[in-house]
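Peer 1: Once you've had a glance at the structure underneath, I'll fire off some questions.
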Amino acid sequence: MKYIFEVRIREGHTAEEYADAWVRASEIIQQAPGARGTELHRKMDDPNVLIAIASWDSK
């Protein structure tokens, strides 16, 4: 199961700040049973939008 969501960076913040927080949160989340990894991508046509993907064994 993949969960895909779009993250819009608010004014006054950066994608790099969000990515740092994402890495820390992902390390915790990946300890849960069924967690299969996370990915974070920058949207090509808008540097203030990130695409986050979380993979799980099931819903």
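Numbering (my numbering), first residue to last: 605 to 663. The C-beta atom is built at its ideal place from N, Cα and C for all residues, glycine as well.
#1: Please report the straight-line C-alpha distance between Q634 and I613, rounded to a whole angstrom.
#2: Compare the C-alpha of K647 against each of R640, S662, I657 and name the closest.
#3: Helix, strand or coil, according to DSSP, for A639 in the structure here?
#4: Among D650, L654, M605, F609, which residue has its Cα nearest to the Cα of E621?
#5: State the start and end residues of the unbroken alpha helix (DSSP H) segment that holds S630.
Peer 2: The relevant details are as follows:
#1: Near 24 Å, if we compare the C-alpha coordinates of I613 and Q634.
#2: If we check each option's Cα against that of K647, I657 comes out closest.
#3: A639: strand per DSSP, three-state reduction.
#4: Here the closest residue by C-alpha is L654.
#5: Residues 619-633.
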